[in-house]
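Peer 1:
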Amino acid sequence: MSTVELGRPLSGHEPPEVPRRSREFRLRLRWAAVRYGPVLLTYGVLKLAGFAVFMYLLDSAGDFRKKNPRFGGGEHPWDVLASWDGWWYQQIAEHGYDPALEPVPGATGLITLEGNSAAFFPLYPALMRLVSECTGLGLFGAGLTVSVIASFVAALGIYAVTRRLGGHRAGLVAAGLWAVWPGSGTEWSGYSESLYTALAAWACHAVMSRRWLTAGLLTCAAGLCRPTAAALIAALAVAALLSLRRRADGVLRPLAAVAIAPLGLFGYLAWVNYRMGDINGYSKLQDGAWAHKFDWGVHTFKVLTSLPVGHFDYLFARAFEDVIGVCVVLAVPVLTVLLLRLRPPAVLVVYTVLSYLMVMTTQQIFGNVSRYLLPLFPLFVPLALAMRRLRWPSLASVLGTAALASGSYAGYVLFELGVP
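Under my numbering, the residue at position 102 of the sequence shown is numbered 93, and the numbers go up by one with no gaps.
Right, dumping it as structure tokens:
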């Protein structure tokens, strides 16, 4: 058989389209490095600075050495990163789920049910297990790997959304704000905030880019990550209805996105309730084992009216952490108004407002609201648009100082002075 019959040139050289494709790939890679390299560098440097301060504070104080490894303790400072909720995620990655409502014998107070891993959504521990199996890392290392990579993906998504509204410089600032925001200490830890924020940011970007099926799939995945994905599902649905009203993208794609989006969240909740034999099993578990429940904002109002007068007679009171939480809670409405003045896409507004209301109307450890509100990345947009006017030295000073300080207010306070 001749070389001509094999489809190869007689000279034995590669077809001309092969090096052309290689050149195109290199050009695209170079373009991506120029476009996104500064974003990754900005986020990485700021986050690493705050993380280093966080580890230093843990080591210098040494309080973690006296605590149970499951509850904020460990042999090394970095062990703290996989305690609290991180311990539950590791249990799921190793043993899977066994949903059940098990009463605490003789309990009559606030906590009446045994904790169960079904309260924690499956996507993060599933990725943790996958990375562990593929790399040989332990579950601790695999979980941190997933979180760190997801945090950079989230930074890129936040940049992409902000860039559409305010340009490249504003996008860079927004990625920097993601690194230093209150609650950002969980971004490089055994928690699911980074993964959820990455999915939410890119889902919103997909809606803004009118890539409906991508938006639906990302929202579905977010629903397997955190229950607050209900806000993202609603935001996508509102955006789809507006698109149908304008007849901008046809009918099938927006409707398909709306149909796909809730499958992750409602599918997991339905499975848990079925396994528990209770149509409201997930909510009963959250209430009975963690005292987390919808209460129309009664607990939040109690905190906001008690803390300013120096009273700490509400549930789960932790003075330093709660002060930070109050500052964040009061800042959100202000930033939301500034966001609305920019007339952003509806998906960002609905996502932000509903996410905020879901947190505010839930009884929970109040100091954790800085973590629960961390995924509200659209709030970075008005700040980024204002800060982009600063010269680079001034901008570096502001974000750099915030990064160093974040080791305390966004990391140490959350993990060691509170219960993240």
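Virtual Cβ for every residue (Gly too), placed ideally from N, Cα, C.
1. Would you tell me roughly how many angstroms separate the C-alpha atoms of A412 and A228, rounded to the nearest one?
2. Give me the Cα-Cα distance between V413 and L374, rounded to the nearest whole angstrom.
3. Is it buried or exposed, W193, if we count other Cβ atoms within 10 angstroms and call 16 or more buried?
4. Could you compute how far the alpha carbon of E178 sits from the alpha carbon of L321?
5. Judging by CA-CA distance, which residue of L376, Y27, Y400, F307 is the nearest neighbour of V319?
6. Give the DSSP-derived three-state secondary structure of P442 in the structure shown.
7. Smallest Cα separation from Y330: which of A308, G409, F368?
8. To the nearest angstrom, report how far apart K58 and V71 are at their CA atoms.
9. Would you kindly report the start and end of the unbroken alpha helix (DSSP H) that includes K275?
10. Between M378 and L39, what straight-line distance do the alpha-carbon atoms span, to the nearest angstrom?
11. At what residues does the alpha helix (DSSP H) containing G255 begin and finish?
12. Are the segment 252 to 261 and the segment 74 to 91 in contact at 8 Å, needing three or more beta carbon pairs?
13. Below 8 Å on the Cβ atoms is my contact criterion, and I expect D54 with E312 to pass it. Report the Cβ-Cβ distance as a whole number of Å.
14. Can you give me the C-alpha to C-alpha distance between M267 and P90, rounded to a whole angstrom?
15. Determine the burial state of N271: buried for a count of at least 16 other Cβ atoms within 10 Å of its Cβ, exposed for fewer.
16. Just to confirm, are Y34 and A170 a CB contact at a threshold of 8 Å?
17. Mind checking which residues open and close the alpha helix (DSSP H) that includes P373?
18. Measuring CB atoms only, is the segment 378 to 389 touching the segment 20 to 33, in the sense that at least three cross pairs come out at less than 8 Å?
19. Can you give me the C-alpha to C-alpha distance between A337 and G148, rounded to a whole angstrom?
20. Rounded to whole angstroms, what's the CA-CA distance from E412 to F303? Just pull it up for me.
21. Let me know if C125 comes out buried or exposed under the rule of 16 or more other beta-carbons within 10 Å of its beta-carbon.
Peer 2: On the basis of the coordinates in this document:
1. Look at the range of the chain in this structure, -8 to 411, and you will see that residue 412 is not part of it.
2. Residue numbering for the chain in the displayed model covers -8 to 411; residue 413 lies beyond these limits and cannot be assessed.
3. Within the sequence shown, numbered from 1, the residue matching residue 193 stands at position 202. So W193 counts as buried.
4. As a first step, residue 178 must be located in the sequence shown, where it is residue number 187. As a first step, residue 321 must be located in the sequence shown, where it is residue number 330. Roughly 22 Å separates the two Cα atoms.
5. Numbered from 1 along the sequence shown, position 328 holds the residue referred to as residue 319. Considering only alpha carbons, the answer is Y400.
6. Residue 442 cannot be examined here, being either before or after the span of the chain that is shown, -8 to 411.
7. Residue mapping note: residue 330 aligns to position 339 of the sequence shown, counting from 1. It is Leu, not Tyr, that sits at residue 330 in the sequence shown. Nearest C-alpha to L330: F368.
8. Stepping through the sequence shown from its first residue, residue 58 is reached at position 67. Stepping through the sequence shown from its first residue, residue 71 is reached at position 80. Each residue's alpha carbon lies about 10 Å from the other.
9. What you label residue 275 is simply residue 284 of the sequence shown in a count that begins at 1. 272 to 281 is the span of the alpha helix (DSSP H), which, as asked, contains K275.
10. Within the sequence shown, numbered from 1, the residue matching residue 378 stands at position 387. Within the sequence shown, numbered from 1, the residue matching residue 39 stands at position 48. Rounded to whole angstroms, M378 to L39 spans 21 Å at the Cα level.
11. Mapped onto the sequence shown, residue 255 falls at position 264. Taken as a continuous stretch (DSSP letters only), the alpha helix (DSSP H) holding G255 covers 254 to 267.
12. no
13. Numbered from 1 along the sequence shown, position 63 holds the residue referred to as residue 54. Numbered from 1 along the sequence shown, position 321 holds the residue referred to as residue 312. Going by Cβ atoms, the distance from D54 to E312 rounds to 14 Å, so no, they are not a contact pair.
14. Translated into positions along the sequence shown, residue 267 becomes position 276. Translated into positions along the sequence shown, residue 90 becomes position 99. Their backbone Cα atoms lie some 6 Å apart in a straight line.
15. Within the sequence shown, residue 271 is the residue found at index 280, counting from 1. Result: exposed.
16. Taking the first residue of the sequence shown as 1, we reach residue 34 at position 43. Taking the first residue of the sequence shown as 1, we reach residue 170 at position 179. Yes, the Cβ-Cβ distance between Y34 and A170 is below 8 Å.
17. Numbered from 1 along the sequence shown, position 382 holds the residue referred to as residue 373. Taken as a continuous stretch (DSSP letters only), the alpha helix (DSSP H) holding P373 covers 371 to 378.
18. no
19. Here residue 337 refers to the residue found at position 346 when the sequence shown is read from its first residue. Here residue 148 refers to the residue found at position 157 when the sequence shown is read from its first residue. Taking the straight line from one Cα to the other gives about 17 Å.
20. A query on residue 412 cannot be resolved here, the shown segment of the chain reaching from -8 to 411 and no further.
21. Residue mapping note: residue 125 aligns to position 134 of the sequence shown, counting from 1. Counting Cβ neighbours within 10 Å, C125 comes out exposed, since fewer than 16 surround it.
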